[in-house]
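To convert, take the position in the sequence shown, counting from 1, and add 14; that gives this note's numbering. Backbone N, C-alpha and C fix where the C-beta goes; we use that ideal spot for every residue, glycine too. To keep things clear, I will list the structure first and then write my remarks on it.
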Amino acid sequence: MGSLRTYRIALVIAIFLLVGISLLIVKPAPPSYPPYVAKSAQPNGSKAIVMLMEEKGKPIKEWRQPMKFLPSQAGQVLISLEPKGMTELEREELLDWVALGNDLILFAEEPADWEQASFQLILQENEEEEAERKIWGPQLSGNRNGVVQSPLRLDKSQDMEELLSDDAGVLAGRTTISEGTVSLFLVPQWMSNGQVARHDHFEAIWPYLQNEWSVVWMDEYHHGYRDQPSLFALYPGWLIAGFAQLGLLLLMWIWWRGKRFGPIYTLREWTVRRGDETLLAVSSWYERRRLAIDALRHRETYLRQLMHERWGVHQRAEHHEILQVARTKWNESELAALVQVLQRLEQIKTENAYSQKQLLADSLLLDKILKRLEKE
15 MGSLRTYRIA LVIAIFLLVG ISLLIVKPAP PSYPPYVAKS AQPNGSKAIV MLMEEKGKPI
75 KEWRQPMKFL PSQAGQVLIS LEPKGMTELE REELLDWVAL GNDLILFAEE PADWEQASFQ
135 LILQENEEEE AERKIWGPQL SGNRNGVVQS PLRLDKSQDM EELLSDDAGV LAGRTTISEG
195 TVSLFLVPQW MSNGQVARHD HFEAIWPYLQ NEWSVVWMDE YHHGYRDQPS LFALYPGWLI
255 AGFAQLGLLL LMWIWWRGKR FGPIYTLREW TVRRGDETLL AVSSWYERRR LAIDALRHRE
315 TYLRQLMHER WGVHQRAEHH EILQVARTKW NESELAALVQ VLQRLEQIKT ENAYSQKQLL
375 ADSLLLDKIL KRLEKE
């Protein structure tokens, strides 16, 4: 026993050593995310600014569906950081959503095809990239410093409000579309984890993220994180409500018509014969009281009842009426057996005595006719 216990302890120690060495040698690699993903803690992610907004009470949510499914309520904002693969149709859908009273904040180093939002780009030649520059704007307290990598600047126009500028031109601007606004920043790097705390990048962009929006959507759809919309999102609300009402009316109509679903359970009393003790007691009582003729009359009543149910013949019909209907339904041999039974029942009425043996023989004849009728 002692040696077995020693082996067990040694086995447990070996397992722990193996697991510990494996953890030291093989370290799990951190998950890799595309640039500017909201949940990415990598230097090119944007988790830092998102967490700060959450700490300030901003209702941050990720948007992973096509732009046409954005909620139509006013007072929302969509922040899109360097979106990839945005089509012309999606830009039109975004501008329609902005016109409802929402805001779009776009960070892109080289944005394209945003002329519908009154943004025109100018290429600044011979500009030194990644050089620290003086940054100023209407919501900045004095001049700030920042590194700008984009060679583009926004063209000044009366329709655009200048938000950030440097000595080379306008870095960020805002235009109004109906009830909403579109803000375009040419410095997406300032939102990344690795750059937001450098120079004065945070101080330059933070004032423009302070509005009281009902929801702050982070665009993850154009970072490759996409959810399929639900079935209810594919159809307009009035159509879904109409189908729901039609379905309710259909259920009420089925209920009114007396329809039911599921199996129909037949009462046990309708399918199970009486127990053997009951049958023996009844037969013994008939035998002691010499009621053989009464038992036969009961069987004759049941025969006429079956004929009434199967053929529609009155229960007090004469024999010739019964045979007239039977000729249209049965063959010659079956008809002959029925004639024999009817004649026997008529003959018994004139007999003075009726024994148990006669009841047994006549019951056998009746059984054949009853089984034939029960099959119809």
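(message) Give the list of continuous beta strand (DSSP E) stretches no shorter than 3 residues that lie fully inside the region 175-234.
(response) The DSSP assignment places complete beta strand (DSSP E) segments of no fewer than 3 residues inside the region 175-234 at 183-191, 194-199 and 229-233, in order along the chain.
(message) As a quick exercise: from Gly99, Ser206 and Arg318, pick the residue whose alpha carbon is nearest that of Val339.
(response) Nearest C-alpha to Val339: Arg318.
(message) I want to know whether the region 110-121 touches the region 83-95 - three or more CB-CB distances under 8 Å.
(response) In short, these stretches touch, since the Cβ pair count reaches three.
(request) Give me the Cα-Cα distance between Glu76 and Asp241, rounded to the nearest whole angstrom. (result) In this structure, the alpha-carbon of Glu76 lies about 11 Å from that of Asp241.
(request) Using the Cα positions of Gln3 and Pro250, report the straight-line distance between them to the nearest angstrom. (result) With the chain covering only 15 through 390, there is no way to say anything about residue 3.
(request) Check each candidate in Leu384, Trp325, Glu124 and Arg167 and name the one with the smallest Cα separation from Asp181. (result) Ranked by Cα distance from Asp181, the first of Leu384, Trp325, Glu124 and Arg167 is Arg167.
(message) Could you give the first and the last residue of the continuous beta strand (DSSP E) run that contains Trp77?
(response) Residues Ile74 to Trp77.
(request) For Tyr300, collect the residues of the same chain with a Cβ closer than 6 Å to its Cβ; drop the 5 residues on either side in sequence, then sort them by chain order. (result) Only Ala309 meet the Cβ criterion.
(message) In whole angstroms, give me the CA-to-CA distance for Ile362 and Leu352.
(response) Approximately 16 Å, taken between the alpha carbons.
(request) Leaving out five residues on either side along the sequence, give the residues of the same chain with a beta carbon under 6 Å from the beta carbon of Met81. (result) Excluding sequence neighbours, Met81 sits near Glu104, Glu107 and Leu108.
(message) Below 8 Å on the Cβ atoms is my contact criterion, and I expect Tyr47 with Gln56 to pass it. Report the Cβ-Cβ distance as a whole number of Å.
(response) With a Cβ gap of about 6 Å, Tyr47 and Gln56 count as contacting.
(message) Applying the 10 Å Cβ sphere with the 16-neighbour rule, what's the burial state of Asn157?
(response) Counting the other CB atoms within 10 Å of its CB gives Asn157 a total below 16, which places it among the exposed residues.
(request) Mind checking which residues open and close the beta strand (DSSP E) that includes Arg158? (result) Note, Arg158: beta strand (DSSP E), Arg158 to Val162.
(message) Does the region 356-370 come into contact with the region 324-340, if we say contact requires no fewer than three beta-carbon pairs (one atom in each stretch) closer than 8 Å?
(response) Taking a contact to require three or more Cβ pairs closer than 8 Å, the region 356-370 and the region 324-340 qualify as touching.
(message) Tell me which residue opens and which closes the alpha helix (DSSP H) that Leu120 is part of.
(response) Leu120 -> not in any alpha helix (DSSP H); beta strand (DSSP E) instead, spanning Asp117 to Phe121.
(message) Give me the residue from Leu84, Phe133, Ile254 and Thr101 with the minimum Cα distance to Ser197.
(response) Nearest of Leu84, Phe133, Ile254 and Thr101 to Ser197, Cα basis: Phe133.
(message) In this structure, how does DSSP classify Gln134 when only helix, strand and coil are distinguished?
(response) Collapsing the DSSP output to three states places Gln134 in coil.
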